[in-house]
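*Asks:* Heads up: the sequence shown runs through residues -24 to -1, 1 to 115, numbered per mature numbering (1 follows the signal peptide of the UniProt record, and there is no 0).
Don't be surprised by glycine CBs; every beta carbon is placed ideally from N, CA and C.
Here you go, one structure.
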Amino acid sequence: MKKAAIAAAVVAMMGGAPYAAAWAQDGFDTQRQQSAKQPQKSAGAVVRDAVMKNWSMAGEAPSPPRVRIRFNLHRDGSLNGNPVVETVSDDPRFPVFAASARRAILKALPFDLSAYSESYEDWKEVVITFDASEMESAL
């Protein structure tokens, strides 16, 4: 098999045209190294996914079924200060709902954000809106 045919086969296996230019310029090893350096998710998605894995509601959701919580992180992914509940509600179910969201954040700590250290300024402050209606639709 000729080198051009092998290159075309590798490019096709990797997903086609987006990889063709990188292959032609640098070869497979450089492309693989660049892909390994780039995280697949954003830092925000990593944090949100970790928190949502730890969130469970007890009882019925308040009305409206949302709570917004703000918190800050150190570079190592640990908590810097206390999470602050920004949502206000008169619903008697709200304190339990907000506490469950806050607990999910604390259980998820520390976040593994070492791949995102260069963009620390972008993710040092996090705001997550917990929405019970989204949780119920996922069940």
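Enumerated in chain order, which unbroken segments of the beta strand (DSSP E) with a length of 3 residues or greater are wholly contained in the segment 78 to 115?
*Replies:* 101 to 107
*Asks:* Check whether the segment 92 to 100 touches the segment 75 to 82, taking contact to mean three or more Cβ pairs, one atom from each stretch, closer than 8 angstroms.
*Replies:* no
*Asks:* Apply the 10 Å Cβ neighbour rule to Gly53 and answer buried if 16 or more other Cβ atoms are within range, or exposed otherwise.
*Replies:* buried
*Asks:* Compute the Euclidean distance between the alpha carbons of Ser90 and Met28, then round it to the nearest angstrom.
*Replies:* The straight-line gap from Cα to Cα measures roughly 20 angstroms.
*Asks:* Just checking my contact of Pro41 with Ser109 at CB under 8 angstroms: how many whole Å lie between their CB atoms?
*Replies:* 5 angstroms
*Asks:* Pro59 by DSSP, collapsed to three states: which one?
*Replies:* In the structure shown, Pro59 sits in a strand (DSSP, three-state: E or B).
*Asks:* So, helix, strand or coil for Val43, using DSSP?
*Replies:* strand
*Asks:* With a threshold of 16 other CB atoms inside 10 Å of the CB of Pro71, please say whether the residue is buried or exposed.
*Replies:* exposed
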